[in-house]
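Engineer:
There are 2 protein chains.
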Amino acid sequence: MSAQSVAIDAMGGDFGPRSIVQASLACLSATPSLHLTLVGHPQLLEELIASQPAVDRSRLHVAAASEVVGMDERPSQALRGKPDSSMRVALQLLRDEQVQAVVSAGNTGALMALSRHLLKTLPGIDRPAMMAAIPTRGGYCQLLDLGANVDCSAEHLYQFAVMGSVAAQALGVERPRVALLNVGTEDIKGNQQVKLAASLLRKAQGLNYTGFIEGDGVFRGEADVVVCDGFVGNILLKSNEGLAGMFAERVQALFQSSLMARAVGALAMPLLKRLQADLAPARYNGASFLGLQGIVVKSHGAAGVEGLQCAIDRARDEIRENLPQRLHGRLAQMLL
Amino acid sequence: MSAQSVAIDAMGGDFGPRSIVQASLACLSATPSLHLTLVGHPQLLEELIASQPAVDRSRLHVAAASEVVGMDERPSQALRGKPDSSMRVALQLLRDEQVQAVVSAGNTGALMALSRHLLKTLPGIDRPAMMAAIPTRGGYCQLLDLGANVDCSAEHLYQFAVMGSVAAQALGVERPRVALLNVGTEDIKGNQQVKLAASLLRKAQGLNYTGFIEGDGVFRGEADVVVCDGFVGNILLKSNEGLAGMFAERVQALFQSSLMARAVGALAMPLLKRLQADLAPARYNGASFLGLQGIVVKSHGAAGVEGLQCAIDRARDEIRENLPQRLHGRLAQMLL
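Protein sequences appear in the order of chains A and S.
Residues in the first sequence are numbered from 4 upward in steps of one, following my numbering.
Residues in the second sequence are numbered from 4 upward in steps of one, following my numbering.
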């Protein structure tokens with residue numbers, strides 16, 4: 004199998020460079036075909052690498068960048084004010100074909116702005132979209148857009164549907180069922196953009212478009228790809244994160260509520276922990292930026308080591324599947 | 004305490020008249036000040052009443068309506084094509100001051116269209132909103148709009164915030180924290196409507212506006228009233244319903260997965276059932292239509308007897324608090 008080389012923005016994210024280095028080294032050990040370039044302050048990164056168990060340094064490189072994009076910084080500031088940020092340098096390595104993908108846990112808006120600026124979008128794509136997997140009854144589904152685009156036209160939703168379908172295929176779903184998220188499943192339901200997008204998708208050739216899907220249908224596993232604008236996708240994803248957290252907290256409190264409950268809890272907790280791990284956001288971490296001339300994966304800022312590994316694995320899979328090339332080919336046939 | 008009289012659309016909802024009659028009689032028994040008028044086919048309703056334990060018939064009336072609005076019917080059809088529907092007759096009783104509130108588990112779009120047509124909105128309100136409670140870490144919060152308005156301007160969101168605040172106060176929260184649902188908490192985040200609504204709310208006098216809230220913040224209990232457009236609210240509510248259902252199913256499957264797991268499950272299930280009951284949608288059932296000249300509560304179509312009781316109780320509380328009058332007074336001061 005050929006090699007995959009990924010540049011990691013080693014300075015971004017809520018957990019800082021230590022977790023990023025740790026996750027990177029774990030991935031290197033697990034995947035012999037993987038080459039990583041850590042981008043950031045060279046001295047700091049070398050120290051962190053040295054503090055970890057030794058790895059094959061022929062597959063691990065460090066690239067220097069003197070600045071860091073802050074988590075709350077405006078995208079415009081990252082774009083114009085920081086010519087040597089770790090995020091930017093990582094993306095430049097990708098643009099210059101030194102690596103095949105970039106993974107960052109940093110500021111999402113800045114990552115999108117820099118990616119568009121440095122890599123450009125694929126022909127016909129107005130706006131890249133963010134896509135990630137969420138667990139459902141049947142397994143998981145890919146949801147997009149997750150926040151890159153807060154105002155979307157029908158044409159944007161159509162483009163997201165085409166890109167989501169191709170990406171889901173690349174990730175192993177044979178004939179992905181693509182659905183549009185809406186407030187009802189009848190034709191008359193929804194806002195203008197959604198209704199118009201539905202009429203475009205109904206006419207699309209070679210797309211397994213199954214119609215509207217409601218919020219509860221997503222978790223019933225009624226589709227493999229669920230399309231919505233970035234505002235709705237972001238709210239759905241985060242509110243579900245919040246609800247899952249509340250569940251976990253209440254279960255814990257419940258099993259502390261009496262002596263008897265504690266005894267039962269001691270028995271039940273290992274089982275519930277397994278469930279929690281199954282549904283944990285970290286296991287599904289890694290949002291792909293689709294529609295760029297290059298592979299960029301955003302890791303959740305608070306995903307931790309396991310989550311970051313998941314994001315690096317996603318980048319590796321997209322390299323193997325040559326996702327931008329596949330998207331390019333399909334978009335040429337499908338776009339309006 | 005003075006009496007409360009509520010008309011019940013006895014023909015609407017997924018469960019049909021039998022559950023509605025059953026829930027109505029249970030409410031009558033529980034609340035001595037309550038008077039109910041069941042609206043629908045008189046013979047059928049009398050038979051259903053006779054099949055249940057006897058109640059005080061001086062507080063239970065039947066009003067005749069020969070038609071039923073279908074769950075998938077277009078609102079325009081319900082409005083123009085069915086002059087004698089149970090939904091319409093119930094709302095006419097409210098308009099004619101024969102009752103003080105209407106509860107229906109029927110077609111939401113039709114209920115909103117008929118309510119607006121027959122009751123009219125309060126002065127200054129362009130569009131009524133739907134508001135319901137959802138469980139959070141701190142207790143619960145009121146979320147609006149839930150689907151009545153799929154496209155909202157900043158002014159609509161502002162109106163929802165004012166109405167939600169007044170309604171939450173009427174339902175017992177002293178100084179409700181009102182927040183706008185958004186994809187981030189920084190000022191630069193969000194679509195145009197949300198940013199503009201925020202600038203209007205920051206200037207509003209006498210409103211405890213706390214800024215933007217993200218999807219996960221809702222469940223952390225960061226606000227008492229969460230404002231969003233109906234598209235987003237509907238997706239949030241239904242996706243959370245779906246996720247909760249998936250959790251329940253996975254817990255069940257987990258405790259069936261081995262003999263040992265079954266033994267633990269037998270002990271843990273009663274505790275988990277208590278949790279499920281705490282978080283069950285039925286306990287929080289009943290969405291208030293705010294901004295009308297009259298009290299209308301929508302019960303979830305599939306809420307069952309317990310859920311319907313909850314909705315009837317909500318209508319009773321709104322009558323006691325004289326909610327439309329309070330809204331009217333406050334809107335006169337607050338509206339732009």
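Ideal Cβ positions, reconstructed from N, Cα and C, are used throughout, including at glycine.
These numbers come from a predicted model, not from an experiment.
Flag this pair as yes or no: are the beta carbons of A/GLY84 and A/ASN152 separated by less than 9 angstroms?
Structural biologist: One-based indexing of the first sequence puts residue 84 of chain A at position 81. One-based indexing of the first sequence puts residue 152 of chain A at position 149. Cβ atoms of A/GLY84 and A/ASN152: not closer than 9 angstroms.
Engineer: Give the secondary structure of A/GLY214 by DSSP, where H, G and I count as helix, E and B as strand, and everything else as coil.
Structural biologist: On the first sequence, position 211 is the one that residue 214 of chain A refers to. In this structure, A/GLY214 counts as strand in the three-state DSSP scheme.
Engineer: Indicate the three-state DSSP secondary structure (helix, strand or coil) for S/CYS30 in the structure shown.
Structural biologist: Against the second sequence, residue 30 of chain S aligns to sequence position 27. In the structure shown, S/CYS30 sits in a helix (DSSP, three-state: H, G or I).
Engineer: Thinking C-alpha only, which one of S/MET74, S/GLN195, S/PHE250 is nearest S/CYS231?
Structural biologist: Along the second sequence, one-based indexing puts residue 231 of chain S at 228. Closest by alpha carbon: S/GLN195.
Engineer: Identify every run of the beta strand (DSSP E) within the region 179-209 of chain S, keeping only runs that are complete inside it and at least 3 residues long; order them along the chain.
Structural biologist: Fully enclosed beta strand (DSSP E) runs of 3 or longer: 181-184.
Engineer: Could you name the residues that DSSP lists as bridge partners for S/CYS155?
Structural biologist: Position 152 of the second sequence, counting from 1, holds the residue named residue 155 of chain S. Paired residue(s): none; S/CYS155 is not in a bridge.
Engineer: Over what stretch of residues does the beta strand (DSSP E) that includes A/PHE386 continue unbroken?
Structural biologist: There is no way to answer for residue 386 of chain A, as the model of chain A reaches only from 4 to 339.
Engineer: Use the C-beta contact count for A/ILE191: other C-beta atoms within 10 angstroms, 16 or more gives buried, fewer gives exposed.
Structural biologist: Here residue 191 of chain A refers to the residue found at position 188 when the first sequence is read from its first residue. That one is exposed.
Engineer: Run through the DSSP bridge pairs and tell me what A/ASP12 is partnered with.
Structural biologist: As a first step, residue 12 of chain A must be located in the first sequence, where it is residue number 9. Paired residues: A/VAL42, A/SER107.
Engineer: How far does the alpha helix (DSSP H) with S/HIS64 in it reach, from first residue to last?
Structural biologist: For the purposes of this step, residue 64 of chain S is taken as the residue at position 61 of the second sequence. Not the alpha helix (DSSP H): S/HIS64 falls in the beta strand (DSSP E), residues 63-67.
Engineer: Leaving out five residues on either side along the sequence, give the residues of the same chain with a beta carbon under 6 angstroms from the beta carbon of A/SER8.
Structural biologist: Counting from 1 along the first sequence, the entry for residue 8 of chain A is found at position 5. Around A/SER8: HIS38, VAL102, GLN103.
Engineer: Whose C-alpha, out of A/GLY141, A/GLN55, A/PRO45, is nearest the C-alpha of A/GLU70?
Structural biologist: In the first sequence, the residue the question calls residue 70 of chain A occupies position 67. When each option's Cα is compared against that of A/GLU70, the closest is A/PRO45.
Engineer: Looking at A/ASP12: is its Cβ nearer than 9 angstroms to the Cβ of A/SER118?
Structural biologist: By 1-based counting over the first sequence, the position of residue 12 of chain A is 9. By 1-based counting over the first sequence, the position of residue 118 of chain A is 115. Not a contact, by the Cβ cut-off of 9 angstroms.
Engineer: In the DSSP assignment, what are the bridge partners of A/MET115?
Structural biologist: Walking along the first sequence from the start, residue 115 of chain A turns up at place 112. Beta-bridge pairing links A/MET115 to no other residue.
Engineer: Based on the DSSP output, what are the partners of A/LYS241 in its beta bridges?
Structural biologist: Locating residue 241 of chain A in the first sequence gives position 238, counting from the first residue. Answer is none; A/LYS241 lacks a bridge partner.
Engineer: From S/VAL65 to A/ALA182, what distance separates their C-alpha atoms?
Structural biologist: Taking the second sequence and counting its residues from 1, one reaches residue 65 of chain S at position 62. Taking the first sequence and counting its residues from 1, one reaches residue 182 of chain A at position 179. The straight-line gap from Cα to Cα measures roughly 44 angstroms.
Engineer: Is A/LYS301 helix, strand or coil when you go by DSSP?
Structural biologist: For this step, residue 301 of chain A is matched to residue 298 along the first sequence. DSSP places A/LYS301 in strand when its eight states are reduced to three.
Engineer: Here's the rule I'm using: 16 or more other beta-carbon atoms within 10 Å means buried, otherwise exposed. How should A/GLU177 be labelled?
Structural biologist: The count along the first sequence starts at 1 and reaches residue 177 of chain A at position 174. By the neighbour-count rule (16 or more Cβ atoms within 10 Å), A/GLU177 is not buried but exposed.
Engineer: With a threshold of 7 angstroms on Cβ separation, who are the neighbours of A/ASN237 within its own chain once the five nearest residues in sequence on each side are excluded?
Structural biologist: The residue you call residue 237 of chain A lines up with position 234 of the first sequence. Correct list, in chain order: LEU149, GLY150.
Engineer: Please list the partners that A/SER242 has in chain S, where partner means a Cβ-to-Cβ separation under 8 angstroms.
Structural biologist: In the first sequence, residue 242 of chain A corresponds to position 239, counting from 1. What A/SER242 touches in chain S: GLY218, ASP219, VAL221, PHE222, LEU239, SER242, ASN243.
Engineer: Just to confirm, are A/TYR161 and A/LEU204 a CB contact at a threshold of 9 angstroms?
Structural biologist: The sequence position of residue 161 of chain A within the first sequence is 158, counting from 1. The sequence position of residue 204 of chain A within the first sequence is 201, counting from 1. Their beta carbons are under 9 angstroms apart, which means A/TYR161 touches A/LEU204 by this criterion.
Engineer: Count the other CB atoms within 10 Å of the CB of A/GLN3; is the residue buried (16 or more) or exposed (fewer)?
Structural biologist: There is no way to answer for residue 3 of chain A, as the model of chain A reaches only from 4 to 339.
Engineer: Against chain S, with Cβ distances strictly below 9 angstroms, would A/VAL181 count as a contact?
Structural biologist: Position 178 of the first sequence, counted from the first residue, corresponds to residue 181 of chain A. Not closer than 9 angstroms to any Cβ of chain S, the Cβ of A/VAL181 fails to qualify, so no.
Engineer: In or out: A/LEU262 buried (at least 16 other Cβ within 10 Å) or exposed?
Structural biologist: The count along the first sequence starts at 1 and reaches residue 262 of chain A at position 259. Exposed, because fewer than 16 other Cβ atoms sit within 10 Å of the Cβ of A/LEU262.
Engineer: Could you compute how far the alpha carbon of A/GLY209 sits from the alpha carbon of A/ALA136?
Structural biologist: Residue mapping note: residue 209 of chain A aligns to position 206 of the first sequence, counting from 1. Residue mapping note: residue 136 of chain A aligns to position 133 of the first sequence, counting from 1. For A/GLY209 and A/ALA136, the distance between alpha carbons rounds to 23 angstroms.
Engineer: For S/GLU76, which option in S/LEU47, S/GLY112, S/LEU41 has the closest C-alpha, if you only look at C-alpha atoms?
Structural biologist: Taking the first residue of the second sequence as 1, we reach residue 76 of chain S at position 73. Nearest option by C-alpha distance: S/GLY112.
Engineer: Could you give the distance in angstroms between the alpha-carbon of S/VAL105 and the alpha-carbon of S/PRO56?
Structural biologist: As a working note, residue 105 of chain S is residue 102 in the second sequence. As a working note, residue 56 of chain S is residue 53 in the second sequence. Each residue's Cα considered, the two are about 24 angstroms apart.
Engineer: What are the start and end residues of the beta strand (DSSP E) that includes S/ALA135?
Structural biologist: Translated into positions along the second sequence, residue 135 of chain S becomes position 132. Per DSSP, S/ALA135 belongs to the beta strand (DSSP E) from 132-139.
Engineer: Go ahead and label S/ARG265 buried or exposed: buried means 16 or more other beta carbons lie within 10 angstroms of its beta carbon, across all protein chains shown.
Structural biologist: The count along the second sequence starts at 1 and reaches residue 265 of chain S at position 262. S/ARG265 should be labelled exposed.
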